[in-house]
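Q: Below is one structure. I have some questions about it.
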Amino acid sequence: MELLKTLCSIQATSGDEAAMTDFILDHVQKNKSDWKVQPEIIHGEGFQDAIILVFGKPRTAIFAHMDNIGYAVSYGKNLVRIGGPRGESGWRLVGKDSQGEIDCKLSVRWLWADGNKKEELKYRFNRKIDRGTPLSFKPNFRDKEKSVQSPYLDNRLGVWNALQVAQTLEDGIIVFSTYEEVGGGSVQFLAKYIQEKYGIKQALISDITLATDGVKPKKGVAISMRDKGVPRQSYLRKIIQLARENKIPYQLEVEDAGGSDGTVLQHSSGVWDWCFIGPPEQNYHTPNEKAWKVDIQAMNDLYALLMKKL
Amino acid sequence: MELLKTLCSIQATSGDEAAMTDFILDHVQKNKSDWKVQPEIIHGEGFQDAIILVFGKPRTAIFAHMDNIGYAVSYGKNLVRIGGPRGESGWRLVGKDSQGEIDCKLSVRWLWADGNKKEELKYRFNRKIDRGTPLSFKPNFRDKEKSVQSPYLDNRLGVWNALQVAQTLEDGIIVFSTYEEVGGGSVQFLAKYIQEKYGIKQALISDITLATDGVKPKKGVAISMRDKGVPRQSYLRKIIQLARENKIPYQLEVEDAGGSDGTVLQHSSGVWDWCFIGPPEQNYHTPNEKAWKVDIQAMNDLYALLMKKL
Amino acid sequence: MELLKTLCSIQATSGDEAAMTDFILDHVQKNKSDWKVQPEIIHGEGFQDAIILVFGKPRTAIFAHMDNIGYAVSYGKNLVRIGGPRGESGWRLVGKDSQGEIDCKLSVRWLWADGNKKEELKYRFNRKIDRGTPLSFKPNFRDKEKSVQSPYLDNRLGVWNALQVAQTLEDGIIVFSTYEEVGGGSVQFLAKYIQEKYGIKQALISDITLATDGVKPKKGVAISMRDKGVPRQSYLRKIIQLARENKIPYQLEVEDAGGSDGTVLQHSSGVWDWCFIGPPEQNYHTPNEKAWKVDIQAMNDLYALLMKKL
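Residue numbers (this note's numbering), protein chains in the order written: chain A, 13 to 322; chain B, 13 to 322; chain C, 13 to 322.
Laid out in structure tokens, this is it:
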């Protein structure tokens, strides 16, 4: 869990992922000699801050987004949201601007404007913060016997899962993407690149979902049959059958809202079968995101299996 | 109308179009020897469940989506919508799961949550249905002297229109697409394929529209000048002029909402002129969709004309 | 300001940009001999109504949209909006249909339907207008000592800025795009073309923004750090640093709504760094859009600088 803890402590709001990129590149360089297969590492010019790892003869790609939600300083002490944090007064936010390190507090008020409820978001700090500065939840990793709790399990757990799978992966691609929390911006060209160069048409979205009445903590990894988009069901049924046959604890998710890097694949100019697979978490998009180790283990196992069998 | 009746009876919710794909492929194989020109048939690997028919030296492509709206079983007896059905309690829904055939009823209740009206959708049936199972409206085709009425005229009538045009088509492409009712997912790559391979830049969207105050039943096929998107008007004016000169009954539609496979073309990475042309129907997105034969005839005539003249 | 005045008087609602295309092509032909570098002019078949000018060895592209907001005649005397005009009764609208020139008035009423406030838009005129006819704000250019005021500064000022920059541009691309006010439709293929042919990955969006509490008239050109999308911040920081070092008056914009041709680049299949840079204007999307010459000068200066330095 040390790796996950470190991943959760890195600030990488959407559009500003360079710190995560550097950390992952460094991690891969330091650890790949212990991996079963040495991947080709693709990054830099033409890939922005994203990373592609290519193992052996790939048939399927894992997509894990590196960015996190947060806030950006706008005018005066006002903040705008980066992605969809569920703000509460008192949350600790950290960042850095021209004057140095920042450790401030979030203040939330609900106002009525034109008959609509509107969130007023401000920071409280002992000085002014530069306009445009991104702020992230302050790291606070809690490793317990049966669970982990931290800001940004979404999606550092998805990144961590991909890095776990990397250790034994023989054939496959891992894509670390950017901008996911603000609707995407890199998966289109990353997907195009790996489809044109390697002929990949199958994707797994390594990401985190909400615990709900239908998808409960400790009941297995969630395989999403749909969210606001509906992927090709024949591909999902193949995945579900593999999970069932191999006795991996899983739950089926069927929602009519929400999106992911899978949504971007669905609307890209490529030919993609995709499936979102991840653990349900409590306190979604807060500093107290909580996932259960039994579900995380199921996630690892299912990804390892699918990368072999699909 | 036998062909249309059969098309309307096939279950093919978005993402699950294989039954329609098989039926159309079989129909083309059985009938193409009677057609003026034998098309090249493109499908399978790299095209998911979509089909492309290429006739002669194509200049224009017809897009007709194969999928239908419906419901998917979520948690307990709850349903989520596939696309935008306008649900009413008592509607008959059919499908199939691991335990066999399903013929159940829809139950709709309106609830208030957080100041918003929200639809609660459930099924009523004598057993539990597998999570994720798609349900479609029960077939109920009514062929009358002047009209047809059935679930899924949208878009089996658009598919049927394309298959009618196919009989005499010399130069052109017909694309049977998927996922349209949930916002698309195949037109991007289908359009890319035919633009790169055949240089096609002109499209006609063979689909069904709503009867409104401005576009009335029995007044001719609707030529849509815009919906939520605005296509290039010079292309539309060419189409309107051809319809007028050839005395085909038509009506001009001008709306500020709604989308189609045309919307996907508009936002694709290709260079597309497109126009939505289809009959107005009553009881849109219900099991009682009704279109008038005079409008359907006008639709056939206009497509045959445009595929020659554009 | 004569050129800007003429640009503001041309009717070119989204989807109907041909008059602007013709004017710009003519302007370029007449003036390019006075420019520092003669650009290659790309337009016509395969580019719809858009234009690309290529100067020298380009590294960065300026995107300026040619289309304007307005209204289209729908059923009876009803209008639907083209883009997002902020309508008020009495505004003068002009256009042309099969019976000749139109100079009519807008009528706006607010109705309540299903608990929602809804705009009812009609025209008042001495005759019926053809269905589908586009209407634009009547030209009304006011050139004052310190400001300009006119319908369609958005985005004729962005077009004008690009044409100013063209005079001294050595290496770069200028793209005149279409459909921007209705969500786009040409930038995808224009961006693809220049990225594949010239390897361009950097874009500047020459467009107009709203004056707000944070971005005020006469305080310099606005550099947008984000709107509803979040572009790569490292690119923005490079731009901001160049503006600061060169003492060009600028303001940083940080909003959570709004889009532009930049949004289309962000979601395209290409690899794009982009930044929206334009003057703040008062009375946004009305016939009385007002911008200040000091901000326009800063815009010109910043574009000239960035096209050299980026």
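Here a beta-carbon is modelled for each residue, glycine too, at the ideal position from N, C-alpha and C. Values in this document were obtained by computation on a predicted structure and should not be read as measured data.
Taking a Cβ distance cut-off of 7 Å, strictly less, list which residues of the stretch 225 to 253 of chain B are near chain C, in chain order.
A: Result list: ASP225, GLY226, MET237, ARG238, GLY241, VAL242, PRO243, ARG244, GLN245 and SER246.
Q: Specify the secondary structure class of C:MET311 as computed by DSSP and reduced to three states.
A: When DSSP states are grouped into helix, strand and coil, C:MET311 belongs to the helix group.
Q: Just the chain B side, please: which residues come within less than 7 Å of C:GLN60 by C-beta, in chain order?
A: Neighbours of C:GLN60 in chain B, taken as residues at a C-beta separation under 7 Å, are given in chain order as ARG244 and VAL283.
Q: Is it right to say A:LEU277 is buried, meaning 16 or more other beta carbons lie within 10 angstroms of its own, or is it exposed?
A: buried
Q: Could you check whether the Cβ of B:SER280 sits closer than 8 Å to any Cβ belonging to chain C?
A: yes
Q: Give the straight-line distance between the Cα atoms of C:ILE206 and C:ASP166, rounded to the nearest whole angstrom.
A: 25 Å
Q: Return the bridge partner residues of B:SER236 from the DSSP annotation.
A: Beta-bridge pairing links B:SER236 to B:GLU265.
Q: Excluding the 5 residues preceding and the 5 following B:PRO243 in the sequence, name in chain order all residues of the same chain whose CB lies nearer than 6 Å to its CB.
A: TRP286
Q: Mind checking the stretch 19 to 39 of chain A against chain B and listing, in chain order, the residues whose C-beta falls within less than 8 Å of any C-beta there?
A: none
Q: Taking one C-beta from the stretch 86 to 97 of chain B and one from the stretch 177 to 191 of chain B each time, how about it: are there three or more such pairs within less than 8 Å?
A: Here the stretch 86 to 97 of chain B makes no contact with the stretch 177 to 191 of chain B; the two share fewer than three CB pairs at distances below 8 Å.
Q: Going straight from the alpha carbon of C:LEU254 to that of C:LEU314, what length do you get?
A: Between C:LEU254 and C:LEU314, the C-alpha separation is close to 9 Å.
Q: Measure from the alpha carbon of C:ARG199 to the alpha carbon of each residue in B:VAL233, B:GLN200 and B:SER280, then state which is nearest.
A: According to the sequence displayed, residue 199 of chain C carries Val and not Arg. Comparing Cα-Cα distances from C:VAL199 to each of B:VAL233, B:GLN200 and B:SER280, the minimum goes to B:SER280.
Q: Nearest to A:VAL283 by alpha carbon, out of B:LEU15, B:TYR135 and B:GLN60?
A: For the residues B:LEU15, B:TYR135 and B:GLN60, the minimum Cα distance to A:VAL283 belongs to B:GLN60.
Q: Let me see if you follow: with CB-CB separation under 8 Å, is B:TYR315 close to chain E or not?
A: Among the protein chains of the structure shown, namely A, B and C, there is no chain E.
Q: Taking any Cβ of chain A, which residues in the stretch 123 to 143 of chain C have a Cβ under 7 Å from it, in chain order?
A: none
Q: By DSSP, does C:GLY298 sit in helix, in strand, or in coil?
A: Checking the sequence shown, residue 298 of chain C turns out to be Thr, not Gly. Reduced to three states, the DSSP call for C:THR298 is coil.
Q: Kindly confirm or deny that the stretch 206 to 223 of chain A and the stretch 288 to 297 of chain A touch, where touching means at least three C-beta pairs closer than 8 Å.
A: yes
Q: Please confirm whether any heavy atom of the ligand GDP lies closer than 7 Å to the CB of B:ARG249.
A: This structure lacks the ligand GDP, and indeed carries no ligand of any kind.
Q: What's the C-alpha gap between A:GLU29 and A:PRO146?
A: 11 Å
Q: For B:GLY144, which residues of its own chain have a beta-carbon under 7 Å away from its beta-carbon, when the five flanking residues on both sides are left out?
A: ALA84 and VAL85
Q: Using a Cβ-Cβ distance cut-off of 8 Å, determine whether A:ASP109 contacts chain B.
A: no
Q: So what's C:TRP284 in DSSP terms, helix, strand or just coil?
A: coil
Q: Return the CA-CA distance between B:ALA234 and B:GLY107, expressed in angstroms with no decimal places.
A: 33 Å
Q: Relative to the C-alpha of B:LEU65, which candidate in B:PRO151, B:TRP122, B:ILE94 and B:LEU175 has its C-alpha closest?
A: B:LEU175
Q: Which residues, in chain order, does the stretch 201 to 219 of chain A contribute to contact with chain C at a C-beta distance below 7 Å?
A: PHE201 and LYS204
Q: Counting only the same chain and skipping the five closest in sequence on each side, list residues whose C-beta sits under 8 Å from that of A:LYS130.
A: TRP122, LEU123 and TRP124
Q: Residues of chain A with a CB under 9 Å from the CB of C:GLU52: which are they?
A: What C:GLU52 touches in chain A: nothing, since even the nearest Cβ is about 24 Å away.
Q: In this structure, how does DSSP classify A:PHE137 when only helix, strand and coil are distinguished?
A: coil
Q: Check this for me: beta carbons of B:LYS77 and B:ASP219, under 8 Å apart or not?
A: Here the sequence assigns His to residue 77 of chain B, which means Lys is not the residue at that position. Yes, the pair counts as a contact, with Cβ atoms nearer than the cut-off.
Q: Given a cut-off of 8 Å on the beta-carbon distance, is the pair B:ALA73 and B:ILE212 in contact?
A: yes
Q: Check each candidate in B:LYS231, B:GLY112, B:SER110 and B:LYS259 and name the one with the smallest Cα separation from B:GLU265.
A: B:LYS231
Q: For C:ILE186, which residues does DSSP report across the bridge?
A: C:LEU65 and C:ILE74
Q: Are the Cβ atoms of A:LEU133 and A:LEU91 separated by less than 8 Å?
A: Contact check for A:LEU133 against A:LEU91 passes: the beta carbons are separated by less than 8 Å.
Q: Would A:ALA316 and A:VAL177 qualify as a contact pair, given that the criterion is a beta-carbon distance under 8 Å?
A: yes
Q: For B:ILE94, which option in A:ARG249, A:MET237, A:HIS297 and A:PHE288 has the closest C-alpha, if you only look at C-alpha atoms?
A: Considering only alpha carbons, the answer is A:MET237.
Q: Would you say C:GLY82 faces chain B, with C-beta separation under 8 Å as the test?
A: Taking 8 Å as the CB threshold, C:GLY82 stays off the interface with chain B.
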